[in-house]
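Take 12 as the starting number for the sequence shown in the numbering used here and just add one per residue.
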Amino acid sequence: MKRTIAAPWRFVVGAGVLADIGKHARLLGTRSLLMGGNTALGLVAETITQSLAQNGVSWHVERGDHVKKQRPLVDALVAIGRREKADLVIAAGGGNVGDCAKAVARTLNVPLITCPTVAASNGPGTISASIEGDKERSAWYRGPDVLFADTAVIIQAGPRWLGSGIGDCLPLGPMAEMTERLGLRTGVERALGFSNAFPSRAAQAMAKLTYDTLLEYGAAAYQAAERGTVDDAFDRVVEAIVYCSVLSVSACGGIGADHTLHPGKFKCCRRELLHGEGVAFGALVNLALFQWPKERILRQLRLTRQVRLPTTFADFGLSDLTKDDALREVETLVGPGNAPRYGLWYPVDAQAVANAMLEIDALSLEAGAEKGTTAG
12 MKRTIAAPWR FVVGAGVLAD IGKHARLLGT RSLLMGGNTA LGLVAETITQ SLAQNGVSWH
72 VERGDHVKKQ RPLVDALVAI GRREKADLVI AAGGGNVGDC AKAVARTLNV PLITCPTVAA
132 SNGPGTISAS IEGDKERSAW YRGPDVLFAD TAVIIQAGPR WLGSGIGDCL PLGPMAEMTE
192 RLGLRTGVER ALGFSNAFPS RAAQAMAKLT YDTLLEYGAA AYQAAERGTV DDAFDRVVEA
252 IVYCSVLSVS ACGGIGADHT LHPGKFKCCR RELLHGEGVA FGALVNLALF QWPKERILRQ
312 LRLTRQVRLP TTFADFGLSD LTKDDALREV ETLVGPGNAP RYGLWYPVDA QAVANAMLEI
372 DALSLEAGAE KGTTAG
């Protein structure tokens, strides 16, 4: 049986680690293209360039708005990289700049270092990227050669971004369990054309570690982010989000309902969401959809509420949503004849999905009534 895992070559985490980026960069190249948004580079550019200079690596800085991740932007950055004879790409920021950097580095055929300034998703470390204008919106690239997670920088983003990262990664543990139990092949390798690859035991172990870490330390890490103080819980959760979860992706059979079937996808959704905020609700829907034990659902629901992620229709601005409304919205996501969409690796029934959403909404409202509090 063939087993596989996808992972960055090197991972560095901790407060102040960006001061050492030059030592790692010099092993990969001598002329770097440093890219990122104004906010991110405002936080880290001086530290990065000082370290590069101390280690004999030159740099050219490109600041810009990478939110739309459009193909023309990637092409422009590639042209700049060629003009500057860059043999290394360094990206500072969140998932959007990370996606652009993966496409740029792959086109230039040079190594990539990513330096996330938020822990809002596992995007900076994965091999996938979403570029507007590509034939396939979600494309598969090479992951970063080095991934730097400077927790002294990441904590400055605030608690909402950390909560989003927790929400993005919560599905991985249950999804890996389901993949192993059903004997499924890994979705990442299937997408790459290697249809006979199963998750490695390392990937399965990392999925469990990611999930257990989030459940045990997630609430404490969120409180640390609220205080603006890096502590052990914060370090553990950042590592789980930006690195452990990246290795966990190879343990899953593919994209599940957690990423595709949640109220944030409804046309009537009235709230602007970070990626992981919608996924967090979808992760609970997935558990209900596959009839996981109620105590498992409640434990995950409790953490989701503790880190202020959406757990009710009202949290999406949909307090007046009826059962019929929910079903109609889900039907637009599932598609005609209940055909799976958005890359789902299992068929779904619209009524079952709507019922699962209603179940999570009711459980959260019940939990809130018992505690006398609300999430969000």
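Just so you know, even glycine gets a beta-carbon here, dropped at the ideal spot from N, CA and C. Bear in mind that the values here come from a model prediction, so they are computed numbers and not experimental data.
Using the Cβ count rule (16 or more neighbours within 10 Å means buried), how would you classify K113? Along the sequence shown, one-based indexing puts residue 113 at 102. By the neighbour-count rule (16 or more Cβ atoms within 10 Å), K113 is buried.
Who pairs with A163 in a beta bridge, going by DSSP? Taking the sequence shown and counting its residues from 1, one reaches residue 163 at position 152. According to DSSP, which records beta bridges pairwise, A163 is partnered with nothing at all.
Within 10 angstroms of its Cβ, does C279 collect 16 or more other Cβ (buried), or is it exposed? For the purposes of this step, residue 279 is identified with residue 268 of the sequence shown, where counting begins at 1. Burial call: exposed.
Below 8 Å on the Cβ atoms is my contact criterion, and I expect I177 with V129 to pass it. Report the Cβ-Cβ distance as a whole number of Å. Stepping through the sequence shown from its first residue, residue 177 is reached at position 166. Stepping through the sequence shown from its first residue, residue 129 is reached at position 118. That belief does not hold up - the Cβ atoms of I177 and V129 are roughly 12 Å apart, past 8 Å.
Give the DSSP bridge partners of I101, in chain order. Taking the sequence shown and counting its residues from 1, one reaches residue 101 at position 90. For I101, which the question treats as bridged, DSSP gives the partners L45 and I124.
Whole-Å CB distance - A361 paired with V341, under 8 Å assumed: Counted from its first residue, the sequence shown places residue 361 at position 350. Counted from its first residue, the sequence shown places residue 341 at position 330. For a cut-off of 8 Å, the C-beta gap from A361 to V341 is around 5 Å, short enough to register as a contact.
Secondary structure at A30, three-state DSSP: helix, strand or coil? In the sequence shown, counting from the first residue as 1, residue 30 sits at position 19. Looking at A30 - three-state DSSP - the assignment turns out to be helix.
Measure the alpha-carbon distance for S330 versus E377 and round it to whole angstroms. One-based indexing of the sequence shown puts residue 330 at position 319. One-based indexing of the sequence shown puts residue 377 at position 366. About 15 Å.
My output table needs one value for E340: the three-state DSSP class, helix, strand or coil. Numbered from 1 along the sequence shown, position 329 holds the residue referred to as residue 340. Looking at E340 - three-state DSSP - the assignment turns out to be helix.
Classify N107 as buried or exposed, calling it buried when 16 or more other Cβ atoms lie within 10 Å of its own Cβ. Mapped onto the sequence shown, residue 107 falls at position 96. Under a 10 Å Cβ-count criterion, N107 is classified as buried, with 16 or more other Cβ atoms of the shown protein chains found around its own Cβ.
N-terminal and C-terminal residue of the alpha helix (DSSP H) that S261 is part of: If you number the sequence shown from 1, residue 261 lands on position 250. That residue, S261, is in no alpha helix (DSSP H); it is neither H nor E in DSSP.
Assigned exposure category for A30 - 16 Cβ within 10 Å defines buried: Numbered from its first residue, the sequence shown carries residue 30 at position 19. Counting Cβ neighbours within 10 Å, A30 comes out exposed, since fewer than 16 surround it.
What would DSSP say about S62, mapped onto helix, strand or coil? For the purposes of this step, residue 62 is taken as residue 51 along the sequence shown, with counting starting at 1. S62: helix per DSSP, three-state reduction.
State the DSSP-derived secondary structure class of G25, mapped to helix, strand or coil. Along the sequence shown, read from residue 1 onward, the residue named residue 25 stands at position 14. Strand.
With H, G and I counted as helix, E and B as strand and the rest as coil, what does DSSP make of V6? Since the first residue shown for the chain is 12 and the last is 387, residue 6 is missing from the structure and cannot be characterised.
Can you tell me where the alpha helix (DSSP H) with A214 in it begins and where it stops? Residue numbering aside, residue 214 sits at position 203 when the sequence shown is read from its first letter. A214 -> alpha helix (DSSP H) spans R212 to R238.
Excluding the five sequence neighbours on either side, which residues of its own chain have a C-beta within less than 6 Å of the C-beta of P19, listed in chain order? The residue labelled residue 19 in the question sits at position 8 within the sequence shown. Cβ neighbours of P19 beyond the five flanking positions: G136, G154, P155 and L158.
Considering only their Cβ atoms, is the gap separating D179 from H286 smaller than 8 Å? For the purposes of this step, residue 286 is taken as the residue at position 275 of the sequence shown. For the purposes of this step, residue 179 is taken as the residue at position 168 of the sequence shown. When the beta-carbon positions are compared, H286 and D179 come within less than 8 Å of each other.
Would you kindly check if the distance between the Cβ of H71 and the Cβ of I45 is under 8 Å? By one-based count along the sequence shown, residue 45 stands at place 34. By one-based count along the sequence shown, residue 71 stands at place 60. In the sequence as presented, Ile is not what sits at residue 45; that position holds Leu. Cβ atoms of L45 and H71: closer than 8 Å.
Who are the Cβ neighbours of L320 in its own chain at under 6 Å, not counting the five residues just before and after it? Here the question's residue 320 lines up with position 309 in the sequence shown. So the list reads G174, G178, E288 and A291, once near-sequence residues are dropped.
Under 8 Å Cβ to Cβ from Q317, same chain only, skipping five residues before and after it: list those, please. Reading the sequence shown from its first residue, position 306 is the one you call residue 317. The residues are G229, A230 and Y233.
Between which two residues does the alpha helix (DSSP H) holding A299 run? Residue 299 sits at position 288 when you count from the first residue of the sequence shown. Where A299 is concerned, the enclosing alpha helix (DSSP H) stretches over H286 to L300.
Kindly indicate the opening and closing residues of the alpha helix (DSSP H) around W172. Taking the sequence shown and counting its residues from 1, the one referred to as residue 172 is at position 161. Bounds of the alpha helix (DSSP H) holding W172 are P170 to C180.
Own chain, CB closer than 8 Å to T60, minus 5 neighbours either side, in chain order: On the sequence shown, residue 60 is found 49 positions in, with the first residue counted as 1. The answer, listed in chain order, is L45, W70 and V72.
Taking one C-beta from the segment 183–191 and one from the segment 292–312 each time, how about it: are there three or more such pairs within less than 8 Å? yes
Distance, G25 Cα to A163 Cα: Translated into the one-based positions of the sequence shown, residue 163 becomes position 152. Translated into the one-based positions of the sequence shown, residue 25 becomes position 14. Cα to Cα, A163 sits roughly 7 Å from G25.
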